[in-house]
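Okay, so here's the structure we're looking at.
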Amino acid sequence: MNKKILKADYIYINGVYCQDYAVVFDTQIIEVGDVEIIKANYPDCFVEDLGAGSLLFPGFVNTHVHLEFSSNQTTLQYGSFVGWLESVLIAREEIIQGSTLEVIKGAMNAMLSSGVCAFGAISSYARELEALATTKQKVVFFNELIGSNPQSIDALYADFVRRIEESSCYPHITPAIAIHAPYSVHPVAIVKALRLAKEKNLLVSSHFMESRAEKEWLGGSYGEFKPFFEKYLGVSSSLCSKEEFLSLFRATPTHFTHATQIDEEDINTLKSYHHTIAHCPRSNRLLGSAPMPLAKIIEKEIAFSTATDGLSSNYSLNILDELRSALMIHSDIQLSTLADKLIESITKSANAILGLNGGVIEKGRDAHFVLLRLSNLPSQSALLSLWSILHNERASRVYVDGEVVFNKV
Ligand code: BEZ
Ligand code: FE2
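Going by my numbering, the sequence shown opens with residue 509, and the numbers climb by one from there.
Pasting the structure below:
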């Protein structure tokens, strides 16, 4: 591929907005620096000036999405976690059937048009692989293990292993493992899956402490989950406590999703075992959960991503919509600090969590870029993250592997 050079008013490099910078790339980044130095180093190359108000970011990363539920709009119940879960059990097949190739391609394009160049797809059946095979985006494919009934473990586990194999056949798709949740997977199956993750060097993710119901069920088999488990699974006590669940992950740094109900001790445990968090603010709001304690997570320097979750618990997969909601939800965090942290959470942090080679505009990284625009010249650089989030409904242009894959018309 021929070398290309882009010059922007600002290039976002590792948390800093570098003014009048340019980047040289083919499929990977070759050099980035002051535009005059780049012009001197590459005198025969055309430099495309992205124009007044241009900001160039590394490709955004959405670490947690359920594409197989993309057809949901008004089927699932919102407002209460257990009510929602019950509606998922009832309508699961109908929603998955409705999530056709075209629907899933539409969902991936919606992410792309908001700048998402890579995503973590949680999958319980692997039926969406056909659609994922067609995207230029990088995918970490989290094959999900679910099932608390000891009699079903062997069959469910065999199917899970088959799906891991099936998702290992595509160059842009990295197979990985998702444990559904502490309340829904038998500990024996979790141990087997984590052993497999070690053997095959696979990333691991799990929903964790998403709702008050989950906290009460794991903490003493009481609360809203009790009648749910009695009705659907014929059991009246939890298979494991929160502490027992977390202890299974001691040797496996894991990407835990939601974590809205974690306390100080949990935060310390997450930190000491190098776990990370997927923060899904709109999903949490829509399913009746409290906001994730983001200020504490930032204070303790736990790595976190901001992610959309699926259309099963959201109204769009636009990552910029997610950041705008996060800005409004976490009113206890100073505004520009929060905006900076949110941008980091969908670039450098999310990329590192998924083990990919984007996330930062520096030599040797994959050439994934997102162009955002501000129509008025910014009066100061301290608020660039905030303004970028507020004033860009979608990306202006997106590059994956050095090629334009989206252009706003
Ligand atoms: C299960 O398969 O055991 C299960 C599924 C969803 C919620 C709870 C349990
Ligand atoms: Fe999820």
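Beta carbons are placed, not taken as given, at the ideal position from N, Cα and C, and that holds for glycine.
Small disclaimer: the values here were computed from a predicted structure and weren't measured.
{"Item": "From what residue to what residue does the alpha helix (DSSP H) around E610 run?", "Value": "609 to 621"}
{"Item": "Judging by CA-CA distance, which residue of S578, A811, A641, S595 is the nearest neighbour of L584?", "Value": "S595"}
{"Item": "Where G721 and G727 are concerned, what is the direct C-alpha to C-alpha distance, given to the nearest angstrom?", "Value": "Note that residue 721 corresponds to Ala in the displayed sequence, not to Gly. Rounded to the nearest angstrom, the two C-alpha atoms are 10 angstroms apart."}
{"Item": "Taking the CB atoms as reference points, tell me whether I861 and A811 lie closer together than 8 angstroms.", "Value": "yes"}
{"Item": "Are any of the Cβ atoms in chain C nearer than 8 angstroms to that of T784?", "Value": "Of the chains in the structure shown, none is chain C; there is only one protein chain."}
{"Item": "Please indicate yes or no: does the CB of I630 lie closer than 7 angstroms to some heavy atom of the ligand FE2?", "Value": "yes"}
{"Item": "For the ligand BEZ, is there any heavy atom lying closer than 7 angstroms to the beta carbon of S839?", "Value": "no"}
{"Item": "Do three or more CB pairs link the segment 788 to 796 to the segment 737 to 755 at distances below 8 angstroms?", "Value": "no"}
{"Item": "Could you tell me the alpha carbon to alpha carbon distance between Q536 and W592, rounded to whole angstroms?", "Value": "43 angstroms"}
{"Item": "Could you give the DSSP three-state label for D874: helix, strand or coil?", "Value": "strand"}
{"Item": "Let me know if I598 comes out buried or exposed under the rule of 16 or more other beta-carbons within 10 Å of its beta-carbon.", "Value": "exposed"}
{"Item": "Got a sec? Which residues, its chain only, sit under 7 angstroms from S883 by beta carbon, not counting five neighbours each side?", "Value": "G561"}
{"Item": "Let me know the beta strand (DSSP E) ranges lying completely inside the segment 711 to 793, each 3 residues or longer, listed in chain order.", "Value": "712 to 716, 763 to 766, 784 to 787"}
{"Item": "Give me the DSSP bridge partner(s) of P566.", "Value": "F877"}
{"Item": "Are V699 and L756 closer than 8 angstroms when you measure CB to CB?", "Value": "yes"}
{"Item": "Check for me: the beta strand (DSSP E) holding K646 runs from which residue to which?", "Value": "646 to 653"}
{"Item": "Examine the ligand FE2 and report whether any of its heavy atoms sits within less than 7 angstroms of the Cβ of G796.", "Value": "no"}
{"Item": "Does the beta-carbon distance from L828 to L835 come in below 8 angstroms?", "Value": "no"}
{"Item": "Got a sec: does the ligand FE2 put a non-hydrogen atom nearer than 7 angstroms to the Cβ of H572?", "Value": "yes"}
{"Item": "F877 and P566 - do their beta-carbons sit closer together than 8 angstroms?", "Value": "yes"}
{"Item": "Return the residue from the list L850, L704, A697 that minimises the CA-CA distance to I672.", "Value": "L704"}
{"Item": "Comparing alpha-carbon positions, which option in A634, L711, D840 lies nearest N859?", "Value": "L711"}
{"Item": "To the nearest angstrom, how far is it from the Cα of V647 to the Cα of T608?", "Value": "19 angstroms"}
{"Item": "Starting from R635 and walking both ways along the alpha helix (DSSP H), at which residues does that stretch end?", "Value": "It is not in any alpha helix (DSSP H) - R635 carries neither H nor E in the DSSP assignment."}
{"Item": "According to DSSP, is E809 helix, strand or coil?", "Value": "coil"}
{"Item": "Buried or exposed for M509, please, with buried defined as at least 16 other CB atoms from any protein chain shown within 10 angstroms of its CB.", "Value": "exposed"}
{"Item": "In chain order, what residues of the same chain lie with their CB nearer than 7 angstroms to the CB of H694, ignoring the 5 residues before and after it?", "Value": "G655, S656, P658, I661, L747"}
{"Item": "Can you tell me whether H787 sits near the ligand FE2, meaning its C-beta is under 7 angstroms from at least one heavy atom of the ligand?", "Value": "no"}
{"Item": "Would you give the residue range spanned by the beta strand (DSSP E) that V524 belongs to?", "Value": "524 to 533"}
{"Item": "Given 8 angstroms as the limit, is there contact between the segment 760 to 779 and the segment 793 to 803, that is, 3 or more CB pairs closer than that?", "Value": "yes"}
{"Item": "Could you pull the DSSP bridge partners for R905 from this structure?", "Value": "L879, N915"}
{"Item": "Have a look at F764 and T784 and give me their C-alpha separation to the nearest angstrom.", "Value": "6 angstroms"}
{"Item": "The ligand BEZ heavy atoms versus the CB of G655: any closer than 7 angstroms?", "Value": "yes"}
{"Item": "Mapping DSSP to helix, strand and coil, what is T642?", "Value": "coil"}
{"Item": "Comparing the CB of D923 with every heavy atom of the ligand FE2, is any distance shorter than 7 angstroms?", "Value": "This structure leaves residue 923 out entirely; the chain is present only between 509 and 917."}
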